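Counting with the working numbering, you get residues 24 to 268 for the letters of the sequence shown.
We put the beta carbon where it would ideally sit given N, CA and C, even for glycine.
Keep in mind it's a predicted model, so treat the numbers as computed, not measured.
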Amino acid sequence: MTADVHQAQEFYGTLLGWEFQGGDEEKYGGYLMAHKNGLPVAGMMQKQPDMADMPDVWTTYLGSTSADASSAGALAAGGSVFFPPMDVPDQGIMGLVGDTTGAAIGIWQPQPMSGFELTYEPGAPYWFELFTRDFAGAQAFYREAFDWDITVVSDSDEFRYATLGKDADSRAGIMDASAFLPQGVPDHWRVYLGVEDAVAAAKQVVALGGAILSGPEDTPYGTVVSIADPTGAMVLLASGYPGNG
Numbered sequence: 024m025t026a027d028v029h030q031a032q033e034f035y036g037t038l039l040g041w042e043f044q045g046g047d048e049e050k051y052g053g054y055l056m057a058h059k060n061g062l063p064v065a066g067m068m069q070k071q072p073d074m075a076d077m078p079d080v081w082t083t084y085l086g087s088t089s090a091d092a093s094s095a096g097a098l099a100a101g102g103s104v105f106f107p108p109m110d111v112p113d114q115g116i117m118g119l120v121g122d123t124t125g126a127a128i129g130i131w132q133p134q135p136m137s138g139f140e141l142t143y144e145p146g147a148p149y150w151f152e153l154f155t156r157d158f159a160g161a162q163a164f165y166r167e168a169f170d171w172d173i174t175v176v177s178d179s180d181e182f183r184y185a186t187l188g189k190d191a192d193s194r195a196g197i198m199d200a201s202a203f204l205p206q207g208v209p210d211h212w213r214v215y216l217g218v219e220d221a222v223a224a225a226k227q228v229v230a231l232g233g234a235i236l237s238g239p240e241d242t243p244y245g246t247v248v249s250i251a252d253p254t255g256a257m258v259l260l261a262s263g264y265p266g267n268g
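Here is the structure:
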């Protein structure tokens with residue numbers, strides 16, 4: 024969700040090489056699909072006037088065979104439903120739930136639009152990660168609510184991390200951020216987007232009117248930089264995913 028969809032198109036289109044396609048205004052309220060190499064990689068929508076006080080944000084969505092069942096599962100596991108499943112004509116069913124840490128996570132049931140179709144390439148989704156102060160509680164929630172197969176990668180005082188799936192089959196991460204998540208910043212899901220060179224991309228972000236929040240930093244999973252786009256939405260850019268250049 025963005026306060027300025029035209030500015031967002033210019034920023035991400037230039038930075039990531041995205042091309043945008045809009046749908047029926049009456050059906051979809053100006054929702055745009057971003058494509059890379061002809062494949063869908065992300066979505067974008069102008070905030071409504073009643074959302075003016077909300078920050079611009081990227082939202083992570085989980086695929087579901089039943090959005091109703093997934094929302095019910097979130098409630099049963101101690102989470103909340105921010106808005107119940109709603110039909111997106113000719114595309115799918117979407118909802119938004121909150122986990123037990125308070126982090127928002129989207130639900131998407133394809134009908135028939137399945138979501139992004141490109142990963143681990145420049146301009147495509149790279150990784151998704153929950154930053155939480157309740158590492159154990161988050162794992163318990165996602166196991167119970169969505170039947171996640173969670174692998175604990177590390178459980179030391181210095182570094183606690185778990186993944187959905189294992190090794191090359193992992194799909195997302197859960198990070199114990201209790202030691203460094205700033206006071207007042209809620210637990211949240213972070214979206215990573217791939218770039219050719221994170222260091223070069225960081226310079227381009229500034230030239231395009233964005234800001235660097237942290238990094239670039241070399242990690243075992245590539246070089247990562249945290250940025251804010253021109254309207255303040257936070258996203259991470261990453262390059263050098265192991266095995267993907």
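Counting only residues of its own chain and dropping the five nearest sequence neighbours on each side, E144 has a CB closer than 6 Å to the CB of G217. Counting of Cβ neighbours within 10 angstroms places S94 among the buried residues, the total reaching 16 or more. Per DSSP, the continuous alpha helix (DSSP H) segment holding Q162 begins and ends at 158-169. Counting only runs that start and end inside the region 77-122, the beta strand (DSSP E) elements of at least 3 residues fall at 84-86, 103-111, 115-121. In this model, E42 and A31 are separated by some 12 Å (Cα to Cα). If you compare the alpha carbons of V222, A224, I250 with that of A234, the shortest gap goes to I250. For the pair Y165 and F154, the Cα-to-Cα distance works out to about 14 Å. Taking the C-beta atoms as reference points, V214 is found nearer than 9 Å to L259. Closest in C-alpha terms to I128, from the list T88, F169, P148, Q134, comes F169. W131 sits away from A256, with the two beta carbons spaced by 9 Å or more. Annotation for L204: F154, R156 place their beta carbon closer than 7 Å to its own, counting only its chain and skipping 5 residues before and after. As summarised for the region 190-262, the continuous alpha helix (DSSP H) elements at least 4 residues long and confined to that stretch are 221-230, given in chain order.
Looking at the DSSP output, Q134 bridges to nothing. Of P108, P148, A221, Q114, the smallest CA-CA separation from Q134 is found for Q114. Spatial neighbours of A224 in its own chain (CB-CB distance under 8 Å, excluding positions within 5 residues in sequence) are listed in chain order as L38, V218, V248, L260, S262. Just so you know, the alpha carbons of V229 and T254 end up roughly 13 Å apart.
At a Cβ-Cβ threshold of 9 Å, M68 and L55 count as neighbours. M136 is positioned such that its CB atom lies closer than 9 Å to that of P63. With 16 or more other CB atoms across the displayed protein chains lying within 10 angstroms of its CB, V120 is buried. Comparing alpha carbon positions, the residue from K59, F139, D76 closest to T83 is F139. The beta carbon of I173 is closer than 8 Å to those of Q162, Y165, R166, A185, T186, L187, I197 in its chain, skipping five residues each way along the sequence. Within the DSSP secondary-structure output, H58 pairs in a beta bridge with E42, P63.
In this structure, DSSP gives A31 a helical state, which the three-state scheme calls helix. About 7 Å separates the beta carbons of G53 and V28, which is inside the 8 Å limit, making them a contact pair. By the Cβ-count criterion, D252 is buried, with 16 or more other Cβ atoms from all chains shown falling within 10 Å of its own Cβ.
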